[in-house]
Amino acid sequence: MDVDVKERVLQQIEDQRESMIEFLQDLIRIPSPEGGGHEVQEFVAKYLGETLGADEVDVFKPDMEKLMKHPGYTPVFHEHGGTRPEDKPVVMATFRGTGEGKSLMFVGHMEAATGAWEPAMVEEWVHDPFEGIIEGDAIIGKSVSNMKSGNAAGIMALKAVRDAGIELKGDVLISTNIDEDIGCQGIVEAIRRGYRADAAICPEPTQMKLGIGGPGCQHFRVIVKGNPTYGGGISAIDNAIKVHRAIAELSEHRVDTSIRFFQQEHPELEHRYPLNITIGMFNSGVWPCTTPYQAILEGSIRHVPGENIEDVREQLEDQVRRCADQDLFMRDHPPTVEFWEYWIDHLEDEDEPIVQTVNDAFAEVMGSDPPRTFSVGDAAPLSRFADVPSIYMGPKPPEESMVPEGAMISEEAVSVQSYIDLIKVFAMSIIKWCE
2 MDVDVKERVL QQIEDQRESM IEFLQDLIRI PSPEGGGHEV QEFVAKYLGE TLGADEVDVF
62 KPDMEKLMKH PGYTPVFHEH GGTRPEDKPV VMATFRGTGE GKSLMFVGHM EAATGAWEPA
122 MVEEWVHDPF EGIIEGDAII GKSVSNMKSG NAAGIMALKA VRDAGIELKG DVLISTNIDE
182 DIGCQGIVEA IRRGYRADAA ICPEPTQMKL GIGGPGCQHF RVIVKGNPTY GGGISAIDNA
242 IKVHRAIAEL SEHRVDTSIR FFQQEHPELE HRYPLNITIG MFNSGVWPCT TPYQAILEGS
302 IRHVPGENIE DVREQLEDQV RRCADQDLFM RDHPPTVEFW EYWIDHLEDE DEPIVQTVND
362 AFAEVMGSDP PRTFSVGDAA PLSRFADVPS IYMGPKPPEE SMVPEGAMIS EEAVSVQSYI
422 DLIKVFAMSI IKWCE
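Below you can see the structure in the form of structure tokens.
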């Protein structure tokens with residue numbers, strides 16, 4: 002890379018440091034829970050078009066009739082989303098290069114999961130979750146980590162390149178959506194509409210590690226029956242506890258299997274996601290003195306890249322069936338297993354050009370190669386269904402814990418310096434990739 006080009010861009014980032022932090026604060030100050038986020042999408046579309054000067058800004062909503070026929074579509078239970086997928090706008094901005102260069106897409110979600118979904122419950126926060134408050138090196142706010150800071154870094158990186166007067170040969174596309182948390186329908190719709198790039202970066206919070214792929218994740222529901230009577234009978238809760246224990250045994254087996262997979266196949270990966278089975282919900286009963294006739298367990302099962310999802314589902318079904326066969330009542334009234342939201346797995350080769358490009362850009366800025374890791378998000382559908390090599394990289398949390406005194410959970414926060422460093426890495430990646 003030309004030294005003058007590099008220095009001009011890095012100097013732009015330093016000169017605009019405060020305004021780039023303020024841009025992230027502006028995003029945090031627009032609440033965007035799952036089932037919302039329309040306002041933040043309007044803000045982003047306007048900024049990309051009017052302020053940054055995109056050649057084209059396309060704002061569209063999924064065409065469900067067509068989307069449901071796409072192989073990347075995953076069924077979603079309506080009670081898990083506050084807004085239907087067809088009502089969630091996607092932003093796709095195109096900044097055209099001079100030609101004959103490789104194109105790069107930044108893609109990520111702007112919605113933040115509802116309080117009930119995230120460990121960091123906003124009701125327990127000491128700081129205002131929608132102010133973007135800065136304390137020391139920490140910028141605090143709901144969705145700052147997952148993943149407004151990463152999205153902001155991609156936008157600010159392109160701004161720095163353009164403000165430095167750099168003309169790129171390749172196109173840069175920036176896409177945001179508010180439909181990743183329950184199935185990645187936003188990016189799948191963009192794929193269905195024909196949007197492509199030669200590579201993509203998804204800035205999920207990887208703690209400044211380079212994510213070369215991610216596990217698959219399948220949500221499921223197990224419906225367990227009982228035989229109720231007033232104050233007696235066979236409790237569906239008791240039966241569901243037996244099923245829960247059986248699933249826990251399967252989870253231990255799958256964790257051991259995934260550990261061996263990483264040790265043998267990918268020892269370089271610092272995967273942050275335990276490939277276990279999580280039971281996140283347990284619902285049962287209609288009246289305090291009546292034995293429940295039904296209990297519902299809802300959870301998720303993760304799997305390593307390349308593992309056939311049909312085999313994974315069958316493994317869970319078989320474990321539930323074996324548990325039922327050991328119980329006199331459940332043997333004749335077996336539980337049913339349903340599958341819904343699914344996040345596809347993917348894994349890029351280490352020698353994939355975008356992996357090496359971001360690696361080299363990181364090394365130029367940070368002085369060393371980034372560790373490899375896993376993440377989950379919109380990169381996987383792009384890689385699997387659009388043949389777009391895609392990686393993950395996002396910022397770090399602050400060094401010091403942000404757990405307020407007396408609180409049970411941590412507040413969502415990102416290191417300010419990590420955010421600035423990420424902008425620099427992305428800017429160098431844009432220049433290297435798009436020439």
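Each residue of the sequence shown is one higher than the one before, starting from 2 at the first, in our numbering.
Cβ atoms here follow ideal geometry from the backbone N, Cα and C, with glycine treated the same way.
At which residues does the beta strand (DSSP E) containing R246 begin and terminate?
On the sequence shown, residue 246 is found 245 positions in, with the first residue counted as 1. Where R246 is concerned, there is no enclosing beta strand (DSSP E), although the alpha helix (DSSP H) it sits in stretches over 237 to 266.
Let's see if you can read the secondary structure: which residues bound the alpha helix (DSSP H) around A153?
Along the sequence shown, read from residue 1 onward, the residue named residue 153 stands at position 152. Start and end: 150 to 164.
Kindly indicate which three-state DSSP category R197 falls into: helix, strand or coil?
Residue numbering aside, residue 197 sits at position 196 when the sequence shown is read from its first letter. DSSP places R197 in coil when its eight states are reduced to three.
What are the partner residues of V173, as DSSP defines its beta bridges?
Residue mapping note: residue 173 aligns to position 172 of the sequence shown, counting from 1. Bridge partners of V173: F96, L105.
When D5, F96, P335 are compared against G50, the one with the closest alpha-carbon
Along the sequence shown, read from residue 1 onward, the residue named residue 50 stands at position 49. It is F96 whose Cα lies nearest to the Cα of G50.
Going by beta-carbon coordinates alone, are G349 and I392 separated by less than 8 Å?
As a working mapping, residue 349 is identified with position 348 in the sequence shown. As a working mapping, residue 392 is identified with position 391 in the sequence shown. Residue identity check: residue 349 is Glu in the sequence provided, not Gly. The answer is yes: Cβ separation under 8 Å.
For Y231, which beta-bridge partners are listed by DSSP?
Here residue 231 refers to the residue found at position 230 of the sequence shown. The partner list for Y231 (beta bridge, DSSP) reads T291.
When burial is assigned at 16 or more other CB atoms within 10 Å of the CB, is H254 buried or exposed?
Sequence index remark: in the sequence shown, residue 254 carries index 253 (1-based). Answer is exposed; the Cβ neighbour count stays below 16.
For the alpha helix (DSSP H) holding A325, just list the boundary residues, first then last.
Position 324 of the sequence shown, counted from the first residue, corresponds to residue 325. Note, A325: alpha helix (DSSP H), 310 to 326.
So, does the segment 41 to 55 touch the segment 172 to 187, judging by three or more C-beta pairs under 8 Å?
yes
DSSP beta-bridge partners of M21
Here residue 21 is taken as the residue at index 20 of the sequence shown, counted from 1. In the DSSP output, where bridge partners are listed per residue, M21 has none listed.
Identify which residue in K210, M106, P130 has its Cα closest to the Cα of I192.
Here residue 192 is taken as the residue at index 191 of the sequence shown, counted from 1. The option with the nearest alpha carbon to I192 is M106.
To the nearest angstrom, report how far apart T446 and G37 are at their CA atoms.
The chain is shown from 2 up to 436; residue 446 falls before or after that span and cannot be answered.
With burial defined as no fewer than 16 other Cβ atoms inside 10 Å of the residue's Cβ, what is the status of A117: buried or exposed?
On the sequence shown, residue 117 is found 116 positions in, with the first residue counted as 1. Unreliable positioning characterises A117 in this predicted model, as indicated by a pLDDT of 47, which lies under 50. The coordinate reading is nonetheless provided below. Looking at its Cβ environment, which holds fewer than 16 other Cβ atoms inside 10 Å, A117 is exposed.
Is the distance from the Cβ of A113 to the Cβ of P216 below 8 Å?
Residue mapping note: residue 113 aligns to position 112 of the sequence shown, counting from 1. Residue mapping note: residue 216 aligns to position 215 of the sequence shown, counting from 1. Not in contact: A113 and P216 (Cβ atoms no closer than 8 Å).
Top-ranked residue by Cα proximity to S419, from H71, P72, V145:
What you label residue 419 is simply residue 418 of the sequence shown in a count that begins at 1. Comparing Cα positions, the closest option is V145.
Endpoints, alpha helix (DSSP H) assigned at H39:
In the sequence shown, the residue the question calls residue 39 occupies position 38. It spans 39 to 47 - the alpha helix (DSSP H) in which H39 sits, taken as one unbroken run.
Assuming contact is defined by CB atoms lying nearer than 8 Å, are A381 and I355 in contact in what I supplied?
Position 380 of the sequence shown, counted from the first residue, corresponds to residue 381. Position 354 of the sequence shown, counted from the first residue, corresponds to residue 355. The answer is no: Cβ separation not under 8 Å.
Going by DSSP in three states, T337 sits in which element: helix, strand or coil?
Translated into the one-based positions of the sequence shown, residue 337 becomes position 336. Of the three classes helix, strand and coil, the one that applies to T337 here is strand, per DSSP.
Rounded to whole angstroms, what is the Cα-Cα separation between V41 and I235?
Position 40 of the sequence shown, counted from the start, is the residue given in the question as residue 41. Position 234 of the sequence shown, counted from the start, is the residue given in the question as residue 235. The alpha-carbon atoms of V41 and I235 are separated by roughly 50 Å.
Going by C-alpha to C-alpha distance, which of T258, A241, E299 sits closest to P306?
Residue numbering aside, residue 306 sits at position 305 when the sequence shown is read from its first letter. Per the Cα distances, T258.
Using DSSP's beta-bridge definition, name the partner residues of D59.
What you label residue 59 is simply residue 58 of the sequence shown in a count that begins at 1. Per DSSP, M93.
Quick one: residues in its chain with C-beta nearer than 6 Å to the C-beta of V60, no 5 flanking neighbours on either side, listed in chain order?
For the purposes of this step, residue 60 is identified with residue 59 of the sequence shown, where counting begins at 1. The residues are A46, P90, V92.
What does the alpha-carbon distance come out to for the pair G187 and T292?
In the sequence shown, counting from the first residue as 1, residue 187 sits at position 186. In the sequence shown, counting from the first residue as 1, residue 292 sits at position 291. Computed Cα separation, rounded: 43 Å.
Have a look at C324 and V244 and give me their C-alpha separation to the nearest angstrom.
To locate residue 324, count along the sequence shown from 1; it is residue 323. To locate residue 244, count along the sequence shown from 1; it is residue 243. About 6 Å.
Quick check: the Cα distance between K149 and D379, rounded to an integer number of angstroms?
Your numbering for residue 149 matches position 148 in the sequence shown. Your numbering for residue 379 matches position 378 in the sequence shown. The straight-line gap from Cα to Cα measures roughly 14 Å.
Sorted by chain position, which residues of the same chain lie with C-beta nearer than 7 Å to E101's C-beta, five sequence neighbours on each side aside?
Locating residue 101 in the sequence shown gives position 100, where the first residue counts as 1. Correct list, in chain order: K170.
Span of the beta strand (DSSP E), counted from its first residue to its last, around Q219
Looking up residue 219 in the sequence shown gives position 218. Per DSSP, Q219 belongs to the beta strand (DSSP E) from 217 to 226.
Please go through the same chain and pick out, in chain order, the residues whose beta-carbon is closer than 6 Å to the beta-carbon of M21, but skip the five residues on each side of it.
Numbered from its first residue, the sequence shown carries residue 21 at position 20. M157.
Backbone secondary structure at A387 - three-state DSSP:
Here residue 387 refers to the residue found at position 386 when the sequence shown is read from its first residue. Of the three classes helix, strand and coil, the one that applies to A387 here is coil, per DSSP.
Whose C-alpha, out of P268, Y294, L211, I134, is nearest the C-alpha of D370?
In the sequence shown, counting from the first residue as 1, residue 370 sits at position 369. Nearest option by C-alpha distance: L211.
So, under 8 Å CB-CB, K433 and A362 are touching, yes? Tell me the CB distance rounded to an integer number of Å.
The residue you call residue 433 lines up with position 432 of the sequence shown. The residue you call residue 362 lines up with position 361 of the sequence shown. Contact holds; Cβ gap of about 6 Å.
Identify, in the order they occur along the chain, each residue of the same chain with its Cβ nearer than 6 Å to the Cβ of P399, setting aside the five sequence neighbours on each side.
One-based indexing of the sequence shown puts residue 399 at position 398. Same-chain partners within the cutoff: D138, A139, A414, S416.
In terms of alpha-carbon separation, which member of E190, S301, A161 lies closest to L276?
Translated into positions along the sequence shown, residue 276 becomes position 275. Closest by alpha carbon: S301.
Distance, Cα to Cα, R332 vs E205?
Translated into the one-based positions of the sequence shown, residue 332 becomes position 331. Translated into the one-based positions of the sequence shown, residue 205 becomes position 204. If you take the alpha carbons of R332 and E205, they lie about 44 Å apart.
Give a yes or no on whether the C-beta atoms belonging to K70 and D88 are separated by under 8 Å.
Here residue 70 refers to the residue found at position 69 of the sequence shown. Here residue 88 refers to the residue found at position 87 of the sequence shown. Their beta carbons are not under 8 Å apart, which means K70 does not touch D88 by this criterion.
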